[in-house]
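Residue numbers (our numbering), protein chains in the order written: chain A, 1 to 114; chain B, 1001 to 1115.
Heads up, the beta-carbon is just placed ideally off N, CA and C, and yes, glycines get one too.
Note that the structure is a prediction, hence the values are computed from the model and not measured.
Heads up: the structure comes next, in structure tokens.
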């Protein structure tokens, strides 16, 4: 049973560029959440997708957008990259209907903005 | 608003020592969940335990144990007889009721276990 997968593993971009990160949820999960983890910090919630719609959003600007596909996989897009966007981006999946709420995390994508 | 405080930034111990990681939380909700996650150098957050606000029973799982005390809003985590493989960053998290249960994470405690 595959867990949460993310691609790419590492990414280097320059300021002003755009980036797309990808996530495949754990089998049986229908909800995907994205987090940004800066160095030395805990993960910060960006947004959550369920049924192909953004359901909740954290305190992140509109430069951060996402998408969820019918197969439950998801993308995170960041436009007009800033140096401060350098971080580990974590994807987490869960099953909304289970009544439980632990999220399973992927290995993350480390984004470096130069 | 929810808040999780992990006052210990880094803890260094020698193998076989016991170590306790502290977590203090704040919430006005009466229904909430508390979590501990482990993040090894590989980056992936590994789920360790979940506790709901109505279950103050402490739990032991192998070398791990958790002490949940609502009176002090604490959810501490103890590793007995630590091993080098326990070296990681440990995060405490809190989520409150609602359909999405988005967790709020503490800043993490880096545990270094020396051989």
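Residue 1109 of chain B: first and last residue of the uninterrupted beta strand (DSSP E) it sits in
1109-1114
Count the CB pairs spanning the region 1079-1089 of chain B and the region 1003-1022 of chain B that are closer than 8 Å, and state whether there are at least three.
Yes, since at least three Cβ pairs between the region 1079-1089 of chain B and the region 1003-1022 of chain B fall closer than 8 Å, the two stretches touch.
CB contact check: residue 95 of chain A to chain B, cutoff 7 Å:
no
Is residue 36 of chain A close to chain B? Criterion is C-beta to C-beta, closer than 7 Å.
no
Given a limit of 7 Å on CB to CB distance, which residues of the region 79-93 of chain A reach chain B?
88, 90
Strictly below 7 Å CB to CB, what residues from chain B border residue 102 of chain A?
Simply 1035, 1047, 1050.
Given residue 1099 of chain B, which residues of its chain have a CB within under 6 Å of its CB, disregarding the five upstream and five downstream residues?
A caution first: residue 1099 of chain B carries a pLDDT of 47, below 50, which makes its placement in the model unreliable, though a value can still be read off. No residues qualify anywhere along the chain.
Can you give me the C-alpha to C-alpha distance between residue 1069 of chain B and residue 15 of chain A, rounded to a whole angstrom?
46 Å
Which one of A:114, A:57, A:27 has the shortest CA to CA distance from residue 86 of chain A?
Comparing Cα positions, the closest option is A:114.
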